[in-house]
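Asks: There's a structure below that I have some questions on.
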Amino acid sequence: MGKTHICRRRLWFMAVLAAFSIAGGIGLCRIQPSGAKAGLIQFDVVSDLYLTSGLHANIVVFARYWVCQEYYAISVVWTEPHGRGRDMRSRVVFSDETGFRMDSERHSEWVPLNTTYPKPVGERPPFRWGGGFYGGEDARFAEAQALARRVYAEDLESIEKPKPGAGGVFEVNLPARPGGAARKVARLKVQARDDRVESMELFDAQQRSLIATRYQYEPGEGVPRLATLTAELPVRPEKLPGGGNVTITSRDRQWTHAVPDIDYVSHKGGRTCTVTYKDVSVGDRVLRLPVQVQVRRSDNKQLLRVARLMNFHRVDLDKEGVWKAAKEFGGLGSEYAAWVRLADTYLDHTPDLGPLRVDPNDLAFVRGLIAKYPVWERQSPPPPPERPQTERGAPDLDPEVAMQQMERRHEAEKQERAQRQEQIRRWREEVARMPRPERREIEPNDARVIRQLAAHYNRVLLPLTPEERTELRTKGGEVQRVIPESQREIQEFRDKLHAILQYHRHAPLPEDRTPEPDDHDLGLIRQLREHFEPLTQQQDRGLGGQLKALHALTRLDLMLKDYDAFERRVTRYLQMLRDAGLNEMYMVGGRRHIESLVQAGQYEKANRLLVSWADRSAAANEADGIYRFCGASEGGKTSPWAAVQVLDRFLRKPGLSPVQRYEGLALRAIALDKIDRWLADSSTEENESLVAQTRWILKIATRAEIAQRAESAIRQAVLAWEALGEARWTEAKPYSASSMPAQARNMMEAPDATRLQETSAQLDQIVRRRTVQPGPAPRSRQGGRPRTTR
Amino acid sequence: MGRKRKTQRRVLIVPNCPILLSRPPKEKDMNHKQAWIIRTGLWTALLCVLLCLSVGAVLAGSGIPPGWRRVFDAPTPEEKATVMRHLNYDSYLTDISLEVREVDDFLLTPALLVQEVVSERVILTYPEE
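First to last, the protein sequences are chains A and B. For the first sequence, position 214 (counting from the first letter as 1) is numbered 213 according to numbering that gives the first Met the number 0, and the numbering increases by one without interruption. For the second sequence, position 32 (counting from the first letter as 1) is numbered 31 according to numbering that gives the first Met the number 0, and the numbering increases by one without interruption.
Structure (structure tokens):
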């Protein structure tokens, strides 16, 4: 009995010892930075996105988030600038352990965006959107990948606690998570000191680096307080599906060949992501929360996006409550639906030509109608001479032979190009001598019937219902546009009807005119103004919700042609953007509203707004932001006059470097050259927007004055380029990669051109064009690279 | 004795040469052989340099584009075909779509970052995007 008692004591003693030793061995179990349970948190995020590949645009997304350990929800309430297909389509997202749910009221027919994807979602498939419209539903894979890469405090338990004040580098092989959850990270390398991680690198099973993170802490004693987290993300391999088996049909034969996958990369240049953490009071606790996320390209430090997190507070909601709150916050509501109907009717009017008044199957009638309006049929250029098959083979394995092959091919291609140019020149002369039918006015009734028939044949040729299209889209397929042989004639008729409308003149039909609101709709517009007005000041809607309401009001003002109210609201809208520090969006948003006033012929108001907008834009923005706006499609290309006003003011600023000054002058020259060409080009009259812009500009300056300003601006820009010295052939070298054929770019491994180099290339083209084609205005007489005009 | 020391000193001129260390030759033979080795070594080195320069000139200096060089470097016909296919690929629209995906995925980043802070025993890192 006594022995048993001693044994039990021994066992107890051993257990206590074991517990102490485990506690001691855990070492880094309270390591920082690590999370701690804190309930459900609600916050707002303003994300400033700078698109660089092709689109060159600044987009700001306003969203509200609800986050706790078990689930989260995101509700996008607004996107600036709104419309033109650039608004974030993933409106509401909810994710918990069971599934990833998406909802989009605005795109309710788009099934992938209104779906719950059960978890686990599986591996991210090969990227199939190259050349297509990216589907936001793939975001679920991003979440899965992030969770598969999380590191837990348990993962660091095997690390021996370093002595106080001493640090160490530790490598840990990670086991699978309990429950068999997918885990991407297989090994981690940690540098730790005094219970805090200083840096950490994660590797996958193939020992490839996934991410390298550095942590910086606030100085001081006690629990380490994280100040910034800097993550380096490497360039990633990306598999692009090659297209499987493709069947090619030529005139006399058909063959199938397999197009294999392509190994590509994403995150070109790598990414450096910096997260700033601060103490935030949330309920009765102070949490160390991320307040800003900034992402740059690692190689050239170009800013790609910034997210600012704000308005943190704790909320007491269950899952269903969070989903409802997210839907309500980003949702459109019945008033918004009424507003959309009014905007479609009175601002974005689509004419309804009524039922078809002729029999579309009466082919004799259709042929007669087509014969009544003969068009000049475009002539196809003669086919190029076929090259011998032997010259197309793969290069020889012997580099010397390959070089000779290349030189031979190069010489042959040169000769072929010269022959082809001569052939095309002769063909063009022949075409120019061909008689053309007279352009005439299409009778109004005929114009209506032609437009109705063309629309009807379009529907016949593409008979898919919206549901069928959605189904195809959901399954990842594409809408096939193969026209059966039996409908070839209908296709031909449709094309000819379109050609008639393009070749001959036709006056707008009464149905084309935007209708005036009737009494009922006038009353509805006034009711909606009363509804949206208070929403512009509701703090709980966040800045995005307020801007959304303000946007609705400006559109209602335009419906009523109440331009005084419109001007007041635009001023308020711009003030809100300035107060929020969205200085680049201030430029984009202001320009759009100035254009609206110009379209409406409100030149006095447009000029007043232009002056204050240009002054503040130039004062509040850095060179990078100004030049991004003036060079991108949002600024300089669509509204060069606005770009000129901003640049005129910005270039007066002291302290600009020679390169900055040159870039500003070059962009100004490009914008003025564009206006000069608009004013000289008679085809501008076919574009309503351009007509409005040119009328507005001509109210301020004469055509001769613009031509003179353009000439002077080009001369100034060229002088500034010459004054750059060495930098004119490096930083400011006229170089454009976008205009090179893809094959040549790949073969030469040509680097991407910088914005400044692309600008120099544009200026170079202008100088060349003006040298070759001297116009009535005095032109630069220099050729080749930009040179001083004397 | 004196002759032997002289021979040993000369052997040290070309160290680590197995022939000289194993069998010290007569003074006359030694001079001839040593000169031959030095001369041959120098000529070989010069030849190597010239050869390297000429090969380099063919591959790089005379204008073989770097993309094409990758075709030559590929060891098998299949890999050559893969490189050629990549050289013919136009990535302009793919780059735009990839950028839009990156931006779209970025929408989740604030949620995942805050979720790490409010989750028990999760080490703070940066989520994928």
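By construction, the Cβ of each residue, glycine as well, lies at the ideal position given by its N, Cα and C atoms. Predicted model only: the values in this text are computed from it and were never measured.
Select from the region 730-752 of chain A all residues with a C-beta closer than 7 Å to any C-beta belonging to chain B, and list them in chain order.
Replies: For the region 730-752 of chain A, which is checked against every Cβ of chain B, the residues closer than 7 Å are Ala741, Gln742, Asn745, Met746, Met747, Glu748.
Asks: Let's test the definition: count the other Cβ atoms within 10 Å of the Cβ of Met584(A) and tell me whether it reaches 16, buried, or not, exposed.
Replies: Met584(A) comes out buried.
Asks: What did DSSP end up calling Asn620(A) once you bin it into helix, strand or coil?
Replies: Coil.
Asks: Compare the beta carbon distance of Ala506(A) and Pro436(A) with 8 Å and say whether it is the shorter of the two.
Replies: In this structure, Pro436(A) does not lie closer than 8 Å to Ala506(A) by Cβ.
Asks: Exposed or buried, which one is Ile482(A) when buried takes at least 16 other CB atoms within 10 Å?
Replies: Burial call: exposed.
Asks: Hey, Ala147(A) and Arg186(A): beta-carbon distance below 8 Å or not?
Replies: No, the pair does not count as a contact, with Cβ atoms beyond the cut-off.
Asks: Span of the alpha helix (DSSP H) holding Gly268(A)?
Replies: First-last for Gly268(A): undefined, no H or E at that position.
Asks: Under 8 Å between C-beta atoms, does Glu78(B) make it to chain A?
Replies: Closer than 8 Å: no.
Asks: What separation, rounded to the nearest whole angstrom, lies between the Cα atoms of Leu36(A) and Cys67(A)?
Replies: The sequence given here has Lys at residue 36(A), not Leu. About 8 Å.
Asks: Quick one: what does DSSP say Thr124(B) is sitting in, helix, strand or coil?
Replies: Three-state DSSP puts Thr124(B) in coil, outside helix and strand.
Asks: Name the chain B residues whose beta carbon is nearer than 8 Å to that of Arg304(A)?
Replies: What Arg304(A) touches in chain B: Val102, Phe105.
Asks: Applying a beta-carbon distance threshold of less than 8 Å, which residues of chain B neighbour Ser33(A)?
Replies: Neighbours of Ser33(A) on chain B, chain order: Arg120, Val121, Ile122, Leu123.
Asks: His592(A) lies in the beta strand (DSSP E); which residues open and close that run?
Replies: Careful: His592(A) lies outside any beta strand (DSSP E), inside the alpha helix (DSSP H) at 582-598.
Asks: Please report the distance separating the alpha-carbon of Thr271(A) from that of Leu302(A).
Replies: Thr271(A) and Leu302(A): Cα-Cα distance of roughly 10 Å.
Asks: Find the residues of chain A that neighbour Asp89(B), judging by a C-beta separation of less than 7 Å, and give them in chain order.
Replies: Going along chain A in sequence order, the residues near Asp89(B) (Cβ under 7 Å) are Ala741.
Asks: So what does DSSP say about Gly34(A), is it helix, strand or coil?
Replies: Looking at Gly34(A) - three-state DSSP - the assignment turns out to be coil, as it is neither helix nor strand.
Asks: Locate the alpha helix (DSSP H) running through Ala306(A), then write down its first and last residues.
Replies: Segment 302-313 is the beta strand (DSSP E) holding Ala306(A); no alpha helix (DSSP H) there.
Asks: Who are the near neighbours of Arg123(A) in its chain, counting only those whose CB is closer than 6 Å to its CB and skipping five residues on each side?
Replies: So the qualifying residues of the chain are Phe140.
Asks: Do you know how far the Cα of Trp695(A) is from the Cα of Ser779(A)?
Replies: Bear in mind that the predicted position of Ser779(A) carries a pLDDT of just 37, short of 50, making it unreliable; the figure below should be weighed with that in mind. In a straight line, the C-alpha of Ser779(A) is about 27 Å away from that of Trp695(A).
Asks: Given that Thr108(B) touches chain A, what residues does it touch there, using C-beta distances under 8 Å?
Replies: Chain A residues near Thr108(B): Val292, Ala306.
Asks: Find out if the Cβ-Cβ distance for the pair Ala831(A), Gln659(A) is shorter than 8 Å.
Replies: Absent from the structure is residue 831(A), since the part of chain A shown begins at 0 and ends at 789.
Asks: So what does DSSP say about Asp95(A), is it helix, strand or coil?
Replies: The answer is coil: DSSP assigns Asp95(A) none of H, G, I, E or B.
Asks: Starting from the Cα of Thr349(A), find the closest Cα among Val357(A), Arg340(A), Arg356(A) and give me that residue.
Replies: When only C-alpha atoms are compared, the closest one is Arg340(A).
Asks: Using a beta-carbon distance below 8 Å, is Leu20(B) in contact with chain A?
Replies: Per-residue confidence for Leu20(B) stands at a pLDDT of 31, beneath the threshold of 50, marking its modelled position as unreliable; the derived number appears in the next sentence. Answer no: the Cβ-Cβ gap between Leu20(B) and chain A never drops below 8 Å.
Asks: So which residues of chain B does Val66(A) contact, with C-beta pairs closer than 7 Å?
Replies: Residues of chain B passing the Cβ test: Ala110, Val113, Gln114, Val117.
Asks: By Cβ distance below 8 Å, which residues in the same chain neighbour Ala226(A) in space, the five residues on each side in sequence not counted?
Replies: Around Ala226(A): Gln215, Tyr216, Glu217, Thr275, Tyr276.
Asks: Give the secondary structure of Val116(B) by DSSP, where H, G and I count as helix, E and B as strand, and everything else as coil.
Replies: In this structure, Val116(B) counts as helix in the three-state DSSP scheme.
Asks: Closest to Glu440(A) by C-alpha separation, out of Arg407(A), Pro514(A), Gln418(A), Lys371(A), would be which residue?
Replies: That would be Lys371(A), whose Cα lies nearest to the Cα of Glu440(A).
Asks: Do three or more CB pairs link the region 42-53 of chain A to the region 514-531 of chain A at distances below 8 Å?
Replies: Flag = no, the region 42-53 of chain A and the region 514-531 of chain A do not touch.
Asks: Between the region 647-655 of chain A and the region 740-753 of chain A, do at least 3 Cβ pairs fall closer than 8 Å?
Replies: At 8 Å Cβ cutoff, the stretches do not touch.
Asks: Can you give the Cα-Cα distance for Leu664(A) and Ala670(A), rounded to whole angstroms?
Replies: Going from the Cα of Leu664(A) to the Cα of Ala670(A) covers about 10 Å.
Asks: Report the CB separation of Leu793(A) from Ala642(A) in whole angstroms; it is logged as a contact under 8 Å.
Replies: Chain A is shown from 0 up to 789; residue 793(A) falls before or after that span and cannot be answered.
Asks: If we ignore side chains and look at the alpha-carbon of each, how far apart do Ala446(A) and Leu500(A) end up?
Replies: Going from the Cα of Ala446(A) to the Cα of Leu500(A) covers about 8 Å.
Asks: Is Phe531(A) near Val587(A), with beta carbons less than 8 Å apart?
Replies: Cβ atoms of Phe531(A) and Val587(A): not closer than 8 Å.
Asks: Applying a beta-carbon distance threshold of less than 9 Å, which residues of chain A neighbour Pro74(B)?
Replies: Chain A residues near Pro74(B): none, gap ~11 Å exceeds 9 Å.
Asks: Could you compute how far the alpha carbon of Glu79(B) sits from the alpha carbon of Leu697(A)?
Replies: The sequence given here has Lys at residue 79(B), not Glu. Lys79(B) and Leu697(A): Cα-Cα distance of roughly 60 Å.
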